[in-house]
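See structure below.
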């Protein structure tokens with residue numbers, strides 16, 4: 011595996027209107043995202059929780075109150091159908107429960123159970139502990155720079 015990914019020498023000739031550096035950045039960003047997601051999945055494997063499941067537990071823990079599924083999907087940046095599948099799994103495991111909304115019969119609220127709250131804490135401790143190792147090659151200054159650059163790109167793409 012070539013690290014970092016580089017375009018072929020003939021890239022400019024083949025794609026005169028393209029930017030080799032932009033392509034390299036996009037490809038390396040995608041690969042890095044895949045690598046980080048793989049590390050998160052591996053860290054969560056002992057808990058039998060997917061990365062999306064871990065995020066849902068964290069969202070509910072941070073909210074401190076029951077939330078509608080659309081609140082969760084907005085924060086995960088995934089479809090409501092995807093959230094439904096994740097919630098189904100978490101409900102089966104007893105980590106969350108769905109209950110009717112008290113004033114709107116069309117809605118449900120997702121509650122974090124006591125077991126879900128404990129799992130959210132365990133998942134976060136594990137992932138946050140691993141993040142320091144993953145980012146180990148970068149100095150604090152480089153991490154701050156990377157965060158700023160990623161934020162700049164995210165604002166542009168949003």
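Residue numbers (the numbering used here): 11 to 168. From the three backbone atoms N, C-alpha and C, an ideal C-beta is built for every residue, glycine too. No experiment lies behind these values; they were computed from the predicted model shown.
DSSP links residue 107 through a beta bridge to 121. Linking residue 41 to residue 123 through their CA atoms gives a straight-line distance of about 35 angstroms. Within the stretch 27–115, the complete alpha helix (DSSP H) runs of at least 4 residues fall at 30–54, 61–73, 79–86 and 90–102. Counting other Cβ atoms within 10 Å of its Cβ, residue 74 stays below 16 and is therefore classed as exposed. Between residue 62 and residue 86, the C-beta gap is smaller than 8 angstroms, which places the two residues in contact. A distance below 8 angstroms separates the beta carbons of residue 53 and residue 136.
The Cβ atoms of residue 106 and residue 97 lie closer than 8 angstroms to each other. The beta carbon of residue 108 sits closer than 8 angstroms to those of 97, 101, 118, 119, 120 and 121, all from its chain and outside the five residues before and after it, given in chain order. With respect to the 8 angstroms criterion, residue 34 and residue 15 are classified as neighbours on the basis of their beta carbons.
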